[in-house]
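**Student:** A single structure is presented below for examination.
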DNA sequence: GCCAACGTTGGC
DNA sequence: GCCAACGTTGGC
């Protein structure tokens, strides 16, 4: 079981949009970055991920579960691009902001802090548990 | 295969 | 809205 982080501009695809899809989930399509795609190829059904709002909000707002492993991205004919499907599991009681993450020395190595442009990122188990605690959510 | 030019992203 | 950082592209 692995942990991940999915980054989205709320104006394009928000946590509310994701939750509205319910258990059916939705393709995490549109990723055009090899590193991000490679992480998605490693994902297994049942893996968990944070849902992060970039740009204006800059905070982790909820937890998603991978519900389909990597398959061709239906938003393009280019066979290079693949994506997984994810579904919303639960919301944070308290969103964990980028400021909070950057202010915590235990989280300074998070990919989010070091490479904020990567749209799909791995999260360590220690980071996962700490951020769930900060968000007052069960891991 | 290298590197300059360009486009995109996201924090500030 | 600006700008720095990064990834990708294309000419050589």
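In this note's numbering, the protein residues as written are 216 to 354.
Built from N, CA and C at the ideal position, the CB exists for glycine as well.
(1) Using a Cβ-Cβ cutoff of less than 6 Å, which residues in the same chain neighbour residue 270 once the five nearest sequence positions on both sides are dropped?
(2) For the stretch 281-290 and the stretch 231-250, state whether three or more C-beta atom pairs, one from each stretch, are separated by less than 8 Å.
(3) Determine the burial state of residue 351: buried for a count of at least 16 other Cβ atoms within 10 Å of its Cβ, exposed for fewer.
(4) For residue 230, which option in 340, 305, 326 and 339 has the closest C-alpha, if you only look at C-alpha atoms?
(5) Going by C-alpha to C-alpha distance, which of 244, 353 and 354 sits closest to residue 286?
(6) In this structure, how does DSSP classify residue 232 when only helix, strand and coil are distinguished?
(7) Taking Cβ to Cβ, would you say residue 267 is nearer than 7 Å to residue 220?
(8) Return the CA-CA distance between residue 296 and residue 252, expressed in angstroms with no decimal places.
(9) Bridge partners for residue 298 per DSSP, in chain order?
(10) DSSP state of residue 250, grouped into three classes?
**Tutor:** According to the structure shown:
(1) 224
(2) yes
(3) exposed
(4) 305
(5) 244
(6) helix
(7) yes
(8) 7 Å
(9) 286
(10) helix
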